[in-house]
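Some notes on the structure that comes next.
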Amino acid sequence: MDQGFPPPSAPRPLPEGGPSPASGPWTHRTSAGVQFGGERPTGNRAGLLQSFRAALGLTWKLRQMLWLLSVKDFKSRYRAQALGMFWSFAYPLVMMVTVTLAFEYILKIPIPHFPVFYLIAAVFWQFFTNATLATTGSMMENAALVKRTTFPRFLIPISAVLSHLINLAMEFVLVFGFYLAFPGAYTFSVKLIALPALVLLVVFICIGVGLMTSCLNVRYRDVFYIVTSVITMGFWVSPILYSTSMAPPWLAAILRLNPLAGVMEGARDVIMLGQWPNPAYLVPGLVAAVVLFLMGCFIFNRQNLKLADYA
Amino acid sequence: MSANNLNIRVEKLGKRFDRVHEKPMLLRETAGIFAGRSQKSVDDLWAVRNVSFELAKGETLGVLGRNGSGKSTLLTLVAGTSFPSEGSVSTRGRISTLLQLGAGFHVDMTGEENIMVNAGLLGLSADEVKRRTPQIVEFAELQDAIDTQIRYYSSGMLARLGFSIAINVSPDIVVVDEVLAVGDLGFQKKCMGAVKDLQKGGATIVLASQAPVLVASLSTKAIWLEKGEIKMAGDPSEVAAEYNAEMAK
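Chains as they are written, first to last, in the numbering used here: chain A, 42 to 352; chain B, 23 to 271.
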């Protein structure tokens with residue numbers, strides 16, 4: 042294929058697959074939203090289901106770009122730092138040492154293999170907080186993309202979550218690396234296959250939250266502070282430094298309503314005890330993932346029309 | 023002209039911006055809803071109003087107008103990044119846009135990676151992007167800098183890369199806002215050539231410009247916007263001449 046360009050005066054052969062002879066179906070945009078197909082706009086916007094299907098198809102089609110963007114986002118987080126990705130290991134490590142000192146040696150908390158016990162839940166918590174904060178601010182951060190390009194916007198919060206998923210994968214290396222220091226804390230079994238499912242659950246929760254908060258944050262900048270406050274509180278009501286079974290039954294029942302509780306304790310059961318996660322404790326997480334994801338799609342679909350005006 | 027040939031149909035298009043003088047706050051507005059008070063916007067601004075036009079394959083619309091006349095808003099509406107307040111925009115086929123210098127580029131990525139992402143987002147498969155990359159780089163004259171992060175590019179380089187991607191993805195519709203002004207004369211000439219090739223290939227182009235000469239030489243139709251409404255529409259050289267005369271006053 043000729044890579045060079047002839048001088049402008051000479052007619053240039055069209056690139057392969059050039060403009061289609063008869064352009065495809067119409068896309069109509071009115072104040073009601075987008076409508077696909079039909080000769081004239083009728084004012085009936087594409088339904089939630091139709092939009093969702095279109096979005097799903099687009100995500101699949103753009104999966105490589107989405108991945109590239111997420112990797113880049115991940116790399117750029119550490120780009121300007123001398124020690125680079127070392128930091129993604131350093132933070133959980135430093136926290137683990139500090140927390141172990143305070144809780145195991147001073148407060149004498151009676152939990153065997155406390156460092157590993159803490160680290161497993163902390164890694165999930167780190168992912169949840171970082172991904173949620175990043176996705177909430179993502180639409181504002183990419184205002185130029187929102188206002189000036191046809192970039193599919195719903196991919197912005199999703200890509201923010203995915204880039205932190207890479208961090209999570211790295212931190213899991215750390216979790217399993219500690220087998221060398223605390224071999225007694227681990228029970229490896231085929232039940233480890235439950236781990237990706239637990240991660241997926243949290244990913245869906247984050248994406249659901251992100252679809253909501255990222256576009257609401259464009260209009261109402263206070264959303265970011267609400268999310269920050271909820272997260273600060275969340276640390277103490279999640280079984281990170283303790284397990285819910287240590288609480289009195291009535292409190293344990295309440296604590297287990299936290300969607301992340303079942304995931305964190307489930308991960309501990311899988312990694313430390315070689316047991317399946319308790320399905321009953323996972324119900325709040327499952328419900329939250331489904332409800333938040335649907336709510337996210339719904340709210341995003343509504344806010345989408347005004348995003349470019351406020352970003 | 024048969025309707026089969028149309029790529030863009032804009033009907034009675036209007037875009038209103040609420041000019042709220044206070045920052046909207048979630049709590050305040052929620053409280054307002056519960057108290058039964060409706061939030062009134064103090065004043066609203068019609069950035070575009072009552073604009074209609076139709077463009078067939080191979081046609082190019084030049085949009086003239088002063089700063090703030092609504093050119094850019096009209097272009098974002100056609101491109102589909104913002105939504106109309108009234109009327110409708112109908113488009114067919116792949117739209118490629120150049121609305122702002124460097125928009126859609128990721129400063130931490132190299133030129134090549136940006137080509138991958140941007141061309142991919144316009145609907146090309148990864149293999150197809152790879153095949154077209156040399157062609158895009160060559161046209162943008164960036165052979166030496168393509169593996170450099172975009173943050174070290176000059177504005178001219180960004181404009182060249184953006185333009186080169188936009189025209190090399192076989193778009194059905196191209197929306198260009200002023201971006202051409204940044205490149206040097208040689209590149210501008212090359213762009214004009216590329217635009218003419220696109221027209222021959224059947225692409226529909228909408229371009230906004232402050233330069234009546236550019237509009238007159240590239241467009242097949244022209245509109246002159248003033249305060250969001252069409253002041254004059256028709257033959258590009260006539261509209262350009264009128265616009266020139268008005269500006270000279």
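Yeah, the Cβ is synthetic: ideal placement off N, Cα and C, and Gly gets one too.
- CA-to-CA, the gap between Gly256 of chain B and Ile245 of chain B works out to about 7 Å.
- Per DSSP, reduced to three states, the secondary structure at Gln344 of chain A is helical.
- Under DSSP, Leu229 of chain B takes part in a beta bridge, and its partners are B:Gly84 and B:Val198.
- Remark: C-beta atoms of Val331 of chain A and Gly251 of chain A do not approach each other more closely than 7 Å.
- Under the rule that a run must span 4 or more residues, the alpha helix (DSSP H) segments found entirely inside the region 251-327 of chain A read 264-278, 290-296 and 300-309.
- Nearest to Ile187 of chain B by C-alpha distance, out of B:Ala141, B:Gly133 and B:Ala101, is B:Ala141.
- The Cβ-Cβ distance between Ile189 of chain B and Leu220 of chain B falls below 7 Å.
- In the structure shown, the three-state DSSP call for Arg182 of chain B is helix.
- B:Gly205 is the residue among B:Lys152, B:Gly205, B:Phe161 and B:Gln171 whose C-alpha sits nearest the C-alpha of Ser177 of chain B.
- Check the Cα spacing between Arg260 of chain A and each of A:Arg343, A:Leu90, A:Glu306 and A:Phe245: the tightest is with A:Arg343.
- DSSP places Ala131 of chain A inside the alpha helix (DSSP H), whose first and last residues are Phe127 to Thr141.
- Contact note: Gly178 of chain B does not reach chain A at a C-beta cutoff of 9 Å; the least C-beta distance is about 18 Å.
- Looking at B:Glu260, B:Val197, B:Ser192 and B:Ala167, the one whose alpha-carbon comes closest to that of Leu77 of chain B is B:Val197.
- In the three-state reduction of the DSSP assignment, Asn190 of chain B falls in the coil class.
- Cβ contact annotation for His205 of chain A (same chain, cutoff 7 Å, sequence separation greater than five): Phe168, Asn171, Ala172 and Ala175, in chain order.
- If you look at Gly178 of chain A, you'll find it isn't in any beta strand (DSSP E); it sits in the alpha helix (DSSP H) that goes Phe155 to Glu182.
- Against chain B, the CB of Arg194 of chain A has no partner CB under 7 Å away; the residue lies outside that interface.
- Closest in alpha carbon position to His128 of chain B, among B:Ile172, B:Gly208 and B:Gln165, is B:Ile172.
- Beta-bridge analysis with DSSP links Thr71 of chain A to A:Gly74.
- Within chain A, the residues whose beta carbon sits less than 9 Å from that of Thr119 of chain B are Arg189, Thr190 and Thr191, listed in sequence order.
- Not a single CB atom of chain B sits nearer than 7 Å to the CB of Gln344 of chain A.
- In the three-state scheme derived from DSSP, where H, G and I count as helix and E and B as strand, Arg116 of chain B is classed as coil.
- For the set A:Leu90, A:Trp317, A:Leu327 and A:Leu298, the Cα lying nearest the Cα of Val244 of chain A is the one of A:Leu327.
- Your pair Thr132 of chain B and Ile158 of chain B does not check out as a contact, with CB atoms roughly 13 Å apart and the cut at 8 Å.
- Closest by C-alpha distance to Gly223 of chain B, out of B:Glu81, B:Leu240 and B:Val237, is B:Glu81.
- Between Val216 of chain A and Val164 of chain A, the CB-CB gap stays under 7 Å.
- Under DSSP, the beta-bridge partners assigned to Phe39 of chain B are B:Leu67.
- Comparing C-alpha distances from Gly74 of chain A to each of B:Pro106, B:Ala270 and B:Arg154 shows the shortest one belongs to B:Pro106.
- Judged by DSSP secondary structure, Ala125 of chain B falls outside any alpha helix (DSSP H); it is assigned neither H nor E.
- Leu143 of chain B: member of the alpha helix (DSSP H) spanning Gly133 to Leu143, first to last residue.
- The beta carbons of Leu144 of chain B and Val191 of chain B sit closer together than 7 Å.
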